[in-house]
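Here is the structure we will look at.
2 protein chains.
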Amino acid sequence: MMRGQPVDMDLAQRADLFQHALGFQGLSQEQIAQIAGLAFGRRFAKGEIIFEPNLPCRFFYLVARGLAKVYICSPSGMRLTYLLANRGEPLNLIGPFTGTPRFLSAEAMEEAVVAHVRRQDFLRFASQHPAVVVNIISILGRAIDSANSRIVDLVEKRVEQRLVRVLFTLLAKFGTEINLTSSELAELAGTTTESTLRTMARLRRLGIIASGRGQVKIIQPASLKKLHSDPLWV
Amino acid sequence: MMRGQPVDMDLAQRADLFQHALGFQGLSQEQIAQIAGLAFGRRFAKGEIIFEPNLPCRFFYLVARGLAKVYICSPSGMRLTYLLANRGEPLNLIGPFTGTPRFLSAEAMEEAVVAHVRRQDFLRFASQHPAVVVNIISILGRAIDSANSRIVDLVEKRVEQRLVRVLFTLLAKFGTEINLTSSELAELAGTTTESTLRTMARLRRLGIIASGRGQVKIIQPASLKKLHSDPLWV
DNA sequence: GCCGGACTATGACCGCGGTCATAGAACCAA
DNA sequence: TTGGTTCTATGACCGCGGTCATAGTCCGGC
Chain A
23 MMRGQPVDMD LAQRADLFQH ALGFQGLSQE QIAQIAGLAF GRRFAKGEII FEPNLPCRFF
83 YLVARGLAKV YICSPSGMRL TYLLANRGEP LNLIGPFTGT PRFLSAEAME EAVVAHVRRQ
143 DFLRFASQHP AVVVNIISIL GRAIDSANSR IVDLVEKRVE QRLVRVLFTL LAKFGTEINL
203 TSSELAELAG TTTESTLRTM ARLRRLGIIA SGRGQVKIIQ PASLKKLHSD PLWV
Chain B
23 MMRGQPVDMD LAQRADLFQH ALGFQGLSQE QIAQIAGLAF GRRFAKGEII FEPNLPCRFF
83 YLVARGLAKV YICSPSGMRL TYLLANRGEP LNLIGPFTGT PRFLSAEAME EAVVAHVRRQ
143 DFLRFASQHP AVVVNIISIL GRAIDSANSR IVDLVEKRVE QRLVRVLFTL LAKFGTEINL
203 TSSELAELAG TTTESTLRTM ARLRRLGIIA SGRGQVKIIQ PASLKKLHSD PLWV
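So the protein lines, in turn, are chains A and B. Throughout, my numbering is defined as the position within the first sequence, counted from one, plus 22. Throughout, my numbering is defined as the position within the second sequence, counted from one, plus 22.
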């Protein structure tokens, strides 16, 4: 089943999207035009589901506008955010190759447009362009490194350090103004909303951040970096 | 730098290895012979390092005999086992493609022989055989799923459930006799040796396992499965 | 306006599991 | 044999952080 509402994206728009998209660097204009020609856009309202777990993969998804998150929902209801995708970032790189159901869900965190490519079209394109496949493997490598790094953090770091690391990552991605709620930050750090709120209060008292409803401002990026990297040289 | 000692493997042996190796299914005899022709074996003593983190990747590694582990060593000294590789299982799938340094180390857990393929040779072979690349992406997909699943377990499961899950996985891989120490199990479950020993004592009192020095025997696989999957339908 | 829901904020409680300490058993090498 | 190392075993302690409860605040919808 396909979700969202159809939305117009002309070929030039689609080409511009793929031109700068993660995983499609180094392609010629014709190759970009080829994959852009296979894509079509769909619009999602804030909070709308883009894909569900445990269903066979039918599309390759690439965010064209807005922000989407990919997350795992555990049997007991805990949600863990796996990926925040801006314009130009793909939501699923494995599924299009294997086609098999996986455990991830995706939803729009704000009004968003997501480009779709039918799985078979995507597969055919990828198999004709080894450079794309090598790009994808290297993105997957980063994903695995990132997952391993989260595992290490969960085992040996406390909540404060994990949250600081999340904020530091978000600083690089969104700049000093981060429009996320404490619950969303908690799902990124692998902890509870309460602990996140407590920790943010501490960081606020230290003058490192300011925070309001659904927003965090990084006041002292340097202190954040110091807190974050401290354990590395202790 | 290349570690281990050179060891003779004739072409037939190497071909037999790749024939059944993870990621090389569905290749013709000639293709198998081709990759086997590029490989050479090296021997490692128990405990010997196979590769170190933070060095550029120079080889693709495939276990030919014995058992090896791939692990992450955190700055503070905690070790987390990422992969146990038997005969036919590759140690590194990302590195050969990107060539960039990563965070993983590998060491032989017993006397082992590991087939090496020079990175450039491996890359050339892979780019000529898209089927291999798709296989590799699907293995990477499994690795990512497994990492995510460990993350969820670390966030919301207690040590006992994680350890049971580890034992259950090892049961599938090695059968009912598992030759690992409690420290090694701890590094798999993401906990301490002490907690592992305590938990094993509990499982022993329940009659589910028996354990001795460096060995665990699964007495009641069914109970293990029940303990392990319980939370799924609660 | 008013009301309901989402978000923030904070206190109290307490249990899991990490840390430290101690000790005995098994194994190996000299 | 002896001595050293590794592995198993278990007790005591206690702090982080999850859970539950309460309340205040902001926002959107009717």
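We put the beta carbon where it would ideally sit given N, CA and C, even for glycine. Because the structure is a prediction, the values reported are computed rather than measured.
- Residue contact with chain B for glutamate 182 of chain A: absent (no Cβ-Cβ distance below 8 Å to any residue of chain B).
- Rounded to whole angstroms, the gap between the alpha carbons of alanine 90 of chain B and asparagine 157 of chain A is 28 Å.
- Within chain B, no C-beta atom comes nearer than 9 Å to that of isoleucine 161 of chain A; the closest sits roughly 10 Å away.
- C-alpha of phenylalanine 40 of chain B to C-alpha of phenylalanine 119 of chain B: approximately 19 Å in a straight line.
- Using a Cβ-Cβ cut-off of 8 Å, isoleucine 57 of chain B does not count as an interface residue toward chain A, since no Cβ of chain A sits closer than that to its own.
- Interface annotation for the stretch 101 to 120 of chain B against chain A: Leu102, Tyr104, Leu115, Ile116, Gly117, Phe119 and Thr120, criterion Cβ-Cβ distance under 9 Å.
- A distance below 8 Å separates the beta carbons of leucine 44 of chain B and proline 112 of chain B.
- Note on geometry: alpha-carbon atoms of phenylalanine 196 of chain B and arginine 109 of chain B lie some 12 Å from one another.
- In the pairwise beta carbon analysis, the stretch 233 to 247 of chain A is classified as not touching the stretch 195 to 213 of chain B: fewer than three pairs are separated by under 8 Å.
- The beta-carbon of isoleucine 94 of chain A is placed less than 8 Å from the nearest beta-carbon of chain B.
- Per DSSP, reduced to three states, the secondary structure at glycine 63 of chain B is strand.
- In terms of Cα proximity to proline 152 of chain B, the closest of B/Gln53, B/Ala34, B/Tyr104 and B/Tyr93 is B/Gln53.
- The criterion of a C-beta distance shorter than 8 Å is satisfied by alanine 211 of chain B and valine 181 of chain B.
- Among the CB atoms of chain A, none fall inside 8 Å of the CB of phenylalanine 73 of chain B.
- DSSP places threonine 198 of chain A in no alpha helix (DSSP H); its state is neither H nor E.
- Its chain contains Ser204, Ser205 and Ala208 as the residues whose beta carbon lies nearer than 8 Å to that of threonine 215 of chain A, once the 5 sequence neighbours on both sides are disregarded; these appear in chain order.
- Sequence-ordered contacts of the stretch 161 to 179 of chain B with chain A read Leu162, Gly163, Ala165, Ile166, Asp167, Ala169, Asn170, Arg172, Ile173, Val174, Leu176, Val177 and Glu178 [C-beta pairs closer than 7 Å].
- Checking the DSSP bridge columns, you'll see glutamine 237 of chain B partnered with B/Gly234.
- For phenylalanine 125 of chain B, the C-beta contacts it makes with chain A under 8 Å involve Asp167, Asn170 and Ser171, in order along the chain.
- Nearest Cα to glycine 121 of chain B within the set B/Glu129, B/Leu84, B/Val154 and B/Pro75: B/Pro75.
- Scanning chain B for C-beta atoms nearer than 8 Å to the C-beta of proline 152 of chain A yields Ser149, Pro152 and Val155, reported in chain order.
- At a Cβ-Cβ threshold of 8 Å, alanine 86 of chain A and valine 136 of chain A count as neighbours.
- A residue is called buried once 16 or more other Cβ atoms fall within 10 Å of its Cβ, and arginine 187 of chain A is buried on that count.
- Nearest in C-alpha terms to leucine 105 of chain A, of all of A/Leu192, A/Gln51 and A/Cys79, is A/Leu192.
- Beta-bridge partners assigned by DSSP to leucine 126 of chain B: B/Ile94.
- Shown here for glutamine 47 of chain A: same chain residues with a beta carbon closer than 8 Å to its own, the five before and five after excluded, namely Asn157 in chain order.
- Going by C-alpha positions, isoleucine 159 of chain A is about 21 Å away from threonine 103 of chain A.
- Straight-line measurement puts the Cα of glutamate 133 of chain B at about 8 Å from the Cα of glycine 69 of chain B.
- Per the coordinates, the alpha-carbon of arginine 235 of chain B lies some 43 Å from the alpha-carbon of threonine 221 of chain A.
- Residue state for phenylalanine 190 of chain A is assigned as helix, using DSSP reduced to three classes.
- Take the alpha-carbon of leucine 225 of chain A and the one of histidine 250 of chain A: they are about 12 Å apart.
- Taking a Cβ-Cβ threshold of 9 Å, none of the residues of chain B is close to glycine 45 of chain A; the smallest such distance is about 12 Å.
- By the C-beta density criterion, leucine 162 of chain B is buried, having at least 16 other C-beta atoms within 10 angstroms.
- Within the stretch 207 to 221 of chain A, those residues whose Cβ lies closer than 9 Å to any Cβ of chain B are, in chain order, Gly212 and Thr213.
- Apart from the 5 residues on each side of it in sequence, arginine 124 of chain A sits with its Cβ closer than 7 Å to the Cβ of Pro75, Ile116 and Gly117 in its chain, given in chain order.
- Scanning A/Ser127, A/Gln183, A/Asp32 and A/Gln56 for the CA closest to the CA of leucine 77 of chain A turns up A/Ser127.
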